[in-house]
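Protein chains in written order, with this note's numbering: chain A, 1 to 153; chain B, 1001 to 1433. Just so it is clear, CB atoms sit at the ideal spot from N, CA and C, and this is done for glycine as well. Notes to accompany the following structure.
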């Protein structure tokens, strides 16, 4: 490839990439409100809503707690036992990865997973723990059962 | 108008098209490979929980199309196992820089497969950032120009100063600078609440299972909301100013220190994916002008060439030794070692009083400037200390027990070296021992 053709190819790519990068960086929170409709998201690359690391941290917080139920009653299962994958340099559980299971869509797959992983329990309670204000009322801890897995088939 | 266009073209050339040494990218390749490894490999330890049919899975439909997700979900466990094996292979090849571009593309392909299979563990915002970086790394083979098996196979002793168009490194610079900028922008606009609220204060007060680690000053911050707010504003100011400080030559070095410090603080205080910590500081180093790195290397080489050098004494009639010496020359970034073929030296004892032809035939020797003589495995050990590309070997050659096993392995290779080459001089193995 001649140097001239190479430079033209690089120039086209750089322009295209730069536009795409900034489009995807601003699409969800800036461009869509501007045009008033959803815009096309580039698949297979870029996060869904830009670079939003910790951009909004509220005073309320919540997480999931899972209880296994057997003849002895409900017993809390350590989240690190549920998700036994260890990560390097951080704790995935503290990142609140388990809160995903609180969605009702997750009931089926998560229950099947729990039943395979913890055969010693007959049933499981998946609960949501909620702190309305961790600064004004740090000890106000609300908890409710989001779903239960039912008796083992 | 013509002058204006000419000026624009000149600036564009300087920014993206000018050829500059690619050594920075080569170093960055190692950081990227380690980051990918640290993130993906732990999830592969427990396939039944994470990727097999028995796993609990979530899917990222923002990222993938439903068709891709459906297709990948059809994978039987055997295919998952195959992709695991392929990931390890291509990841290792990419790490050591063997067929750098191809191994990068194939490794990224396996990463996409696992991401589509289950986004639960691997899929995070930082993973999406890493994939953007990986996409750029797949574009060219520049990252394999040095610190790689590719450069050893090419055998170019000046591979460290190979020049390439700068656009790839520039785009990686722009990526990290823009990420800092947008991260700050989102905090102060859109749905961000860092100006009107006090997110750091909330983070310091999260319950035990929360994202904040128990670092030294956490309890103090937890009862000092004003200090938290000031810390938050300081973070925003740093994130906004870093892109500009990085591109301005006089503040560049300080900005690299600041960005690195920022990520050290991040990993010490929050349970966020360590991708940020492993990837961003090396990416900040891409702001160092590659010509300056090469200049620094050249100065060291010049100083070393004028000083008394170590001498590596090898057998020039052995093709295996010649090939190995050629690789050692490529690895000798700072020009610390002078290669001496004892077959071309009249008086071997001139190199070292205790050396004989028989000794030199039996193994390599390293004579250090102070006159100390090391042979065989010990010589190789000493070489590992002075050649940056051999630094990873230090973990192996100084591993407990290697003092016993290493010399035996070395002796076996040394005795059979004439069979390990295609040197015309010894085609009939007449010079064997």
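Residue from the options whose Cα sits closest to the Cα of residue i
i                       : options                           : result
residue 1380 of chain B : B:1327, B:1349, B:1356 and B:1370 : B:1327
residue 1254 of chain B : B:1172, B:1284, B:1333 and B:1220 : B:1284
residue 1031 of chain B : B:1117, B:1078, B:1144 and B:1113 : B:1144
residue 1369 of chain B : B:1319, B:1385 and B:1311         : B:1311
residue 1264 of chain B : A:90, A:86, A:56 and A:72         : A:90
residue 92 of chain A   : B:1212, B:1054, B:1114 and B:1307 : B:1212
residue 136 of chain A  : A:60, A:88, A:128 and A:117       : A:60
residue 115 of chain A  : A:70, A:144 and A:132             : A:70
residue 1175 of chain B : B:1039, B:1355 and B:1128         : B:1128
residue 1222 of chain B : B:1201, B:1207 and B:1081         : B:1201
residue 1403 of chain B : B:1375, B:1415, B:1392 and B:1133 : B:1375
residue 1371 of chain B : B:1361, B:1386, B:1355 and B:1419 : B:1355
residue 76 of chain A   : A:139, A:118, A:105 and A:107     : A:118
residue 134 of chain A  : B:1257, B:1074, B:1071 and B:1225 : B:1225
Proximity below 8 Å, CB of residue i to CB of residue j
i                       : j                       : result
residue 1309 of chain B : residue 1337 of chain B : yes
residue 102 of chain A  : residue 66 of chain A   : no
residue 1410 of chain B : residue 1377 of chain B : yes
residue 1210 of chain B : residue 22 of chain A   : no
residue 1395 of chain B : residue 1383 of chain B : no
residue 44 of chain A   : residue 1056 of chain B : no
residue 1097 of chain B : residue 1166 of chain B : no
residue 1117 of chain B : residue 14 of chain A   : no
residue 1140 of chain B : residue 1215 of chain B : no
residue 128 of chain A  : residue 98 of chain A   : no
residue 1278 of chain B : residue 1110 of chain B : no
residue 1022 of chain B : residue 1388 of chain B : no
residue 1052 of chain B : residue 1013 of chain B : no
residue 1019 of chain B : residue 1164 of chain B : yes
residue 1252 of chain B : residue 1321 of chain B : no
residue 31 of chain A   : residue 39 of chain A   : yes
residue 1046 of chain B : residue 11 of chain A   : no
residue 88 of chain A   : residue 1016 of chain B : no
residue 1240 of chain B : residue 1184 of chain B : yes
residue 46 of chain A   : residue 1132 of chain B : yes
Sequence-distant residues of its chain with Cβ nearer than 6 Å to residue i (five each side left out)
i                       : result
residue 1250 of chain B : none
residue 1126 of chain B : 1273, 1275 and 1276
residue 1346 of chain B : none
residue 130 of chain A  : 62 and 142
residue 1460 of chain B : With chain B running from 1001 to 1433 in the structure shown, residue 1460 of chain B is simply not present.
residue 1433 of chain B : With a pLDDT of 45 at residue 1433 of chain B, under the threshold of 50, the modelled position of this residue cannot be trusted, and the question is left open.
residue 80 of chain A   : 93
residue 1208 of chain B : none
Other residues of its chain near residue i: CB distance less than 7 Å, five sequence neighbours each side excluded
i                       : result
residue 1103 of chain B : 1090, 1093 and 1094
residue 26 of chain A   : 50
residue 1194 of chain B : 1187, 1188, 1232 and 1236
residue 1065 of chain B : none
residue 1159 of chain B : 1145, 1146, 1151 and 1330
residue 1169 of chain B : 1024, 1025 and 1286
residue 42 of chain A   : 20 and 24
residue 1033 of chain B : 1091, 1094 and 1095
residue 1348 of chain B : 1342, 1355, 1356, 1357 and 1360
Supposed contact pair residue j and residue i - C-beta distance, whole angstroms, cut 8 Å
i                       : j                       : result
residue 1058 of chain B : residue 1122 of chain B : Going by Cβ atoms, the distance from residue 1058 of chain B to residue 1122 of chain B rounds to 10 Å, so no, they are not a contact pair.
residue 1180 of chain B : residue 1243 of chain B : 6 Å
residue 1107 of chain B : residue 1087 of chain B : 7 Å
residue 1119 of chain B : residue 1060 of chain B : 4 Å
residue 1177 of chain B : residue 29 of chain A   : Actually they are not in contact, since the Cβ atoms of residue 1177 of chain B and residue 29 of chain A sit about 19 Å apart, beyond 8 Å.
residue 1203 of chain B : residue 57 of chain A   : 6 Å
residue 1335 of chain B : residue 1304 of chain B : 5 Å
residue 1101 of chain B : residue 1138 of chain B : 7 Å
Contacts around residue i, its chain only, beta-carbon distance under 8 Å, and the 5 residues preceding and following it disregarded
i                       : result
residue 74 of chain A   : 67, 68 and 125
residue 1343 of chain B : 1315, 1316 and 1317
residue 1266 of chain B : 1272, 1276 and 1277
residue 1080 of chain B : 1047, 1051, 1052 and 1117
residue 52 of chain A   : 29
residue 140 of chain A  : 131, 132 and 133
- Please list the residues of the segment 17-49 of chain A that have a C-beta atom closer than 8 Å to any C-beta atom in chain B, keeping them in chain order. 17, 18, 21, 22, 25, 26, 29, 30, 41, 43, 44, 45, 46, 47 and 48
- Query: Name the residues in the segment 122-151 of chain A whose C-beta lies less than 7 Å from a C-beta of chain B; which are they?
  - Reply: 131, 134, 135 and 138
- Message: Give me the subset of the segment 1273-1285 of chain B whose CB atoms are less than 7 Å from a CB atom of chain A, sorted by chain position.
- Response: 1273, 1274 and 1277
- Message: Residues of the segment 60-90 of chain A in Cβ contact with chain B at a cutoff of 7 Å, in chain order, please.
- Response: 61, 63, 84, 85, 86, 87, 88, 89 and 90
- Query: Taking any Cβ of chain A, which residues in the segment 1057-1068 of chain B have a Cβ under 7 Å from it, in chain order?
  - Reply: 1057, 1058, 1062, 1063, 1064 and 1065
- Task: Please list the residues of the segment 100-114 of chain A that have a C-beta atom closer than 7 Å to any C-beta atom in chain B, keeping them in chain order.
- Result: 100, 109, 110 and 113
- Query: Using a Cβ cut-off of 7 Å, which residues of the segment 1247-1272 of chain B contact any Cβ in chain A, in chain order?
  - Reply: 1267, 1271 and 1272
- Message: What are the residues in the segment 1006-1032 of chain B lying within 9 Å of chain A by C-beta distance?
- Response: 1012, 1013, 1015, 1016 and 1017
- Query: the segment 1190-1202 of chain B: which residues have C-beta closer than 9 Å to a C-beta of chain A, in chain order?
  - Reply: 1190, 1191, 1192, 1193, 1194, 1197, 1198, 1199, 1200, 1201 and 1202
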